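Peer 1: Take this structure first; my questions come after.
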Amino acid sequence: MNADRTGRNSHSIALSFRLGVALALLLVAVLGAGMARADGILGTSPPPLTTLVKFNDRSYDVSYADTVSLEPLATSVVRKIGYGAVTTVNIATTSTGTYSSDGLVSNHVRYPGITAEERPRHYSSRGFGPSGPGFSIFSIGQSPNGGLVFNRVTDRGVRSCVTSGSIASCYRTY
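FYI, the numbering for the sequence shown is 0 to 173, going by numbering that gives the first Met the number 0.
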């Protein structure tokens, strides 16, 4: 058995060292991504909140031409029953036309001078659990450009993958 002056097994010391390095790399990855986004290094800025509209738990960027009036002359709220579901639809009449929240986000209805584009959903997941005789910490998220980011830290090292379009780039440290 190979032991140091304190009587600890050198395998235990090496495992503790690798665990410390893996956790330090995870901390740098998590904090570094947040700081990069906060500092604007990633280069994508969110759209102004005045164009962000939410319908049925989905977010849309709405843009409109200067010729479209945004001052309602009359508004009403109706309940729409279809396919076994009840939804609330807001209807507004302006000097340039009558618009409904349901039609605004529909692929089958077009309002002249108004476009509504669904924003991509952002999601993330994190976990911690046993990985054979060791441990595993992982995180899955979405980058600002819509690609996926996967990070996994085990007692054997760190693995990270990033996708963008049809390209995937991975690296690992073991």
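By construction, the Cβ of each residue, glycine as well, lies at the ideal position given by its N, Cα and C atoms. In this text, all values refer to a predicted model and were calculated from it rather than measured experimentally.
Provide the residue span of the beta strand (DSSP E) that contains residue 163, from first to last.
Peer 2: First-last of the beta strand (DSSP E) with residue 163: 156 to 163.
Peer 1: Closest by CA to residue 21, which one among 169, 158, 162 and 166?
Peer 2: Answer by Cα proximity: 158.
Peer 1: State whether the region 59 to 70 contacts the region 104 to 113, with contact taken as three or more CB pairs (one from each stretch) at a distance under 8 angstroms.
Peer 2: Because the criterion of three Cβ pairs below 8 angstroms is met, the region 59 to 70 and the region 104 to 113 touch.
Peer 1: Mind checking whether residue 88 and residue 100 have CB atoms under 8 angstroms apart?
Peer 2: Cβ distance < 8 angstroms, so residue 88 and residue 100 count as in contact.
Peer 1: Taking just the CA atoms, how far does residue 97 sit from residue 74?
Peer 2: Straight-line Cα distance between these residues: approximately 9 angstroms.
Peer 1: Can you grab the Cα-Cα spacing for the pair residue 149 / residue 165, in whole Å?
Peer 2: When rounded, the distance between both Cα atoms is 16 angstroms.
Peer 1: Span of the alpha helix (DSSP H) holding residue 100?
Peer 2: Its alpha helix (DSSP H) spans residues 100 to 103.
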